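**Student:**
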Amino acid sequence: MKSLVLPSNRTEGWRWSDLSRLPEFAESEPTRIAPEVLPWLDIPGPRLLFVDGRLDHSRSDPGPVEIGDVDGEAIDHPLARHAGRHGWKLILGPDHATADPVQIVHATTGAADHLAAEILLGSGAQASILETFVGAGWANRATSIRLAKGARLMLNRRALGDTGFISLTDQAAVGEGASFVSVCLAAGGRDTRLDAAITLTGTEAYAEAGGALLARGRQRHDINLVLRHDQPAGMSRQLWRSVADDMSACSVAARVEVARDAQKTDGEQSLKGILLSRGATINAKPELEIFADDVKCAHGATVGELDRNALFYLESRGISPDDATALLTRAFVADALDRIGEEAVRAAFYDDGEAWFGGRE
Amino acid sequence: MLKIDNLHATVDGKAILKGISLELNPGEIHAIMGPNGSGKSTLSYVLAGRPGYEVTEGSVTFEGEDLLALEPHERAARGLFLGFQYPVEIPGVSNVQFLRTALNAQRRARGEAELSAGEFLRIAREQAAALGFDMDMMKRGVNVGFSGGEKKRNEMVQMGIIDPRLAVLDETDSGLDIDALRVVGTGINRIMRRPDKAVLLITHYQRLLDLVEPDFVHVLAGGRIVRSGGPELAHALEREGYGALTETAA
């Protein structure tokens, strides 16, 4: 690993992330002991357990996923740069499909781990991947994604665990008529940072990037998305729901870029936040950069508190203030999680949300 | 059962209730009538504990307990139900989920066993059917996209499921057509007309009182009860209007 050079929070894109503990994790020794009970979903399909960035063969069944050096261009990003070139690869030929979601659990045991990943889907291929992050420490990931004509990828991530930092950097190229849908849930005790650059490189491509960020204490969740329409008739959706309690902060900066040739683009952004306490912060930063003239781009950003009338209505029926708050907040977050197609995966995300609300003081 | 004594309350620092005294015994239905702005809704909100409604003087006891010292959800668990004049829409929370959570929270608070999903659905189906309320609407978001009449009917379905001891119904008849009014009126009688229950029925009009016959009628004006009487008082109001009655009282 290269020496740890981190961006300063004086840089605009890094104002909200707290990277101060990363050097400490980088110098720590991991215990390398993964928990006995891991958050696997009880469904068939390939399973990969990475403990501190290394595949635990005894507890994995990688199926079509290979381990090795990733090809393709390195992602130019201050954190992705540290992720290295070694990792997992899912390469599917034309019209191949994973029958069941590929489950990947990343367990970090107190230090820093880095891993690259590559997802290449041939024309008409289909895959669904669920990544779950547990443990304590810094997990740093860089993922390259290329979808050929008509390919479909569903990529869902759960940021769980106790303390530390999870940084994910994605770079995706979505080809003609291909579809890339990703949903991210931050419902643990760790800070998260997601940087994604998604480019619709073919006509009539579809991309969706969204999720739910739940933060408490002094936690920070920081999302930085650039969704670029390079070709005509593409469609993109960005739907984020943030919930910030105590002194925490959730930030979502989401940009849609529409190139001169990308006529008939249809883009939509919805960034909403709920503040559960006076000391919490939510930043919603929708951005549009449009060079084509025949496009439809809608964006909405709202930050507020829970509806007092609704709270009283629930309480007047016997529901305690805490439970009423949880019920309304869950409903608010559900918008984002309902984008997940597979029922078992969606149910697991709901359960994680429940667990988060259950831990609210 | 419910004893209101010299109740004064303010909203945004403005005095709305100026000394209300009223006692409801088990088995009684009391109607409160009165012109707009007389404090009828304020009384219902004060009883349910809505934030922003401040009691400045007087007391309210329910079954001998200081009602005003309890949080809204605790009042509900003791058996108080408020039928809202304007029921609130809650997107993303289904009626079924809402009511099961509410009913089980109340049961927990009373030390009773919680109901399973199956047991709850049986009760919900029964009550919805009795009020001509489609079970599909029970699965939809609370009051989302419901017409005014459907919202009021939903309040009654909720009352049937929760089965309270004391219901404060704030203009449950407003916005209802004749048929819906009959369904709601029948529902109130069926659910609440019991020797161990009581109802405080807030209304503008006689027509609900033709269906749910009150034992007592009170006229509220200017934050005070200015007249009390039997059902005949409601008829007199219908004939002569509030003006005449509140003036003679003053």
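Protein sequences, first through last, are from chains A and B.
Letter by letter, the first sequence follows residues 19 to 379 in the numbering used here.
Letter by letter, the second sequence follows residues 1496 to 1745 in the numbering used here.
By construction, the Cβ of each residue, glycine as well, lies at the ideal position given by its N, Cα and C atoms.
Predicted model, so just to flag it, every value in this text is computed and none were measured.
Look up ASN242/A in the DSSP assignment and say whether it is helix, strand or coil.
**Tutor:** Strand at ASN242/A.
**Student:** Under a three-way DSSP split, which group does ALA1744/B fall into?
**Tutor:** Residue placement at ALA1744/B is flagged as unreliable, the pLDDT there being 47, under the threshold of 50; a coordinate-derived value is accordingly withheld.
**Student:** Please name the residues in the segment 1560 to 1579 of chain B whose beta-carbon is closer than 9 angstroms to at least one beta-carbon of chain A, in chain order.
**Tutor:** Residues GLU1566, PRO1567, HIS1568, GLU1569, ARG1570, ALA1571, ALA1572, LEU1575, PHE1576, LEU1577, PHE1579.
**Student:** State buried or exposed for LEU22/A, treating a residue as buried only when at least 16 other CB atoms are found within 10 Å of its CB.
**Tutor:** Exposed.
**Student:** If you pair each beta-carbon of the segment 190 to 204 of chain A with each one of the segment 155 to 168 of chain A, do three or more pairs fall below 8 angstroms?
**Tutor:** Cβ pair count under 8 angstroms is three or more, so yes.
**Student:** Cα separation between ALA1456/B and LEU1575/B?
**Tutor:** With chain B running from 1496 to 1745 in the structure shown, residue 1456/B is simply not present.
**Student:** So, for MET1687/B: in the same chain, excluding its five sequence neighbours on each side, which residues have a beta-carbon less than 7 angstroms away from its beta-carbon?
**Tutor:** For MET1687/B, where only same-chain residues beyond five positions count, the Cβ hits under 7 angstroms are ALA1662, VAL1694.
**Student:** Leaving out five residues before and five after GLU360/A in sequence, what residues of the same chain have Cβ atoms less than 7 angstroms from its Cβ?
**Tutor:** PRO119, SER146.
**Student:** Along the chain, where does the alpha helix (DSSP H) that runs through ARG1677/B open and close?
**Tutor:** Here the alpha helix (DSSP H) through ARG1677/B covers 1673 to 1687.
**Student:** Which of helix, strand or coil does DSSP assign to PHE1705/B?
**Tutor:** According to the sequence displayed, residue 1705/B carries Asp and not Phe. Three-state DSSP puts ASP1705/B in a helix.
**Student:** So with Cβ pairs under 8 angstroms, would you call ALA1612/B a contact of chain A?
**Tutor:** Output row for ALA1612/B: interface = no.
**Student:** For ASP98/A, which residues from the same chain have a beta carbon less than 6 angstroms from its beta carbon, with the 5 sequence-adjacent residues on both sides left out?
**Tutor:** A small fix is needed here, since residue 98/A is Ala in this sequence, not Asp. If we look at ALA98/A and ignore the five residues flanking it on each side, its Cβ neighbours are ALA160, THR187.
**Student:** Would you say GLY102/A lies against chain B (beta-carbon separation less than 8 angstroms)?
**Tutor:** Output row for GLY102/A: interface = no.
**Student:** Just how far apart, CA to CA, sit ASP1691/B and ARG1660/B?
**Tutor:** So the two alpha carbons sit approximately 7 angstroms from each other.
**Student:** Where in the segment 1539 to 1599 of chain B do unbroken runs of the beta strand (DSSP E), each at least 3 residues long, occur, reported from the N-terminal end onward?
**Tutor:** With a minimum length of 3 residues, the continuous beta strand (DSSP E) runs that stay inside the segment 1539 to 1599 of chain B are 1548 to 1557, 1575 to 1578, 1585 to 1589.
**Student:** At a Cβ threshold of 8 angstroms, is LEU295/A touching chain B?
**Tutor:** First, the residue type needs correcting, since residue 295/A is Ser and not Leu in the sequence shown. False, the Cβ-Cβ gap to chain B never drops below 8 angstroms.
**Student:** With three or more C-beta pairs closer than 8 angstroms as the rule, is the segment 1721 to 1731 of chain B touching the segment 1537 to 1555 of chain B?
**Tutor:** Touching, no.
**Student:** Could you have a look at PHE309/A and say whether DSSP puts it in helix, strand or coil?
**Tutor:** If DSSP states are grouped into helix, strand and coil, PHE309/A belongs with coil.
**Student:** From the DSSP output, in three-state form, read off ILE1657/B for me.
**Tutor:** Residue state, collapsed to three classes: helix.
**Student:** Exposed or buried, what is THR126/A when buried is set at 16 or more other beta-carbons lying within 10 Å of its beta-carbon?
**Tutor:** Classification of THR126/A: buried, given that the 10 Å Cβ count is 16 or more.
**Student:** Between which two residues does the beta strand (DSSP E) containing THR343/A stretch?
**Tutor:** Taken as a continuous stretch (DSSP letters only), THR343/A belongs to no beta strand (DSSP E), being part of the alpha helix (DSSP H) at 339 to 355.
**Student:** Please check if any C-beta of chain B sits within less than 8 angstroms of the C-beta of SER288/A.
**Tutor:** No - not a single Cβ of chain B is within 8 angstroms of the one on SER288/A.
**Student:** Taking the continuous alpha helix (DSSP H) assigned at GLU91/A, which residues delimit it?
**Tutor:** No alpha helix (DSSP H) holds GLU91/A; DSSP gives it neither H nor E.
**Student:** How about THR1551/B: is its C-beta nearer than 8 angstroms to some C-beta of chain A?
**Tutor:** Closer than 8 angstroms: no.
**Student:** Please name the residues in the segment 1644 to 1657 of chain B whose beta-carbon is closer than 8 angstroms to at least one beta-carbon of chain A, in chain order.
**Tutor:** Listed in sequence order: GLN1653, ILE1657.
**Student:** Using a beta-carbon distance below 8 angstroms, is PRO1521/B in contact with chain A?
**Tutor:** Cβ-Cβ to chain A under 8 angstroms: no for PRO1521/B.
**Student:** Less than 8 angstroms between the C-beta atoms of PRO1567/B and PHE330/A, yes or no?
**Tutor:** Closer than 8 angstroms, so yes.
**Student:** Comparing the C-beta of ILE1697/B with each C-beta of chain A, is any distance below 8 angstroms?
**Tutor:** Taking Cβ atoms only, chain A never reaches closer than 8 angstroms to ILE1697/B, which makes this a no.
**Student:** Buried or exposed for LYS1509/B, going by 16 or more other Cβ atoms inside 10 Å?
**Tutor:** With fewer than 16 other Cβ atoms within 10 Å, it is exposed.
**Student:** Could you give the DSSP three-state label for TRP34/A: helix, strand or coil?
**Tutor:** Coil at TRP34/A, not helix or strand.
**Student:** Which residue's Cα is closest to the Cα of ARG234/A: ASP264/A, PRO64/A, GLY31/A, CYS202/A?
**Tutor:** The residue with the shortest Cα to Cα distance from ARG234/A is ASP264/A.
**Student:** Less than 8 angstroms separating the beta-carbons of LEU1512/B and GLY1529/B?
**Tutor:** Result no, Cβ atoms of LEU1512/B and GLY1529/B do not sit closer than 8 angstroms.
**Student:** What is the rounded straight-line gap between the Cα of ALA280/A and the Cα of LEU218/A?
**Tutor:** Distance between the alpha carbons of ALA280/A and LEU218/A: 9 angstroms.
**Student:** By Cβ distance, which residues of its chain are closer than 8 angstroms to SER1536/B, with the 5 residues on each side in sequence left out?
**Tutor:** Same-chain partners within the cutoff: GLN1580, ASP1665, GLU1666, ILE1697.
**Student:** With 8 angstroms as the threshold, decide whether the Cβ of GLN1622/B is near any Cβ in chain A.
**Tutor:** It does not; no Cβ of chain A falls within 8 angstroms.
**Student:** Count the other CB atoms within 10 Å of the CB of ALA1745/B; is the residue buried (16 or more) or exposed (fewer)?
**Tutor:** At ALA1745/B the pLDDT is 42, less than 50, meaning the model places this residue with poor confidence; the figure from the coordinates comes in the next sentence. So ALA1745/B ends up on the exposed side.
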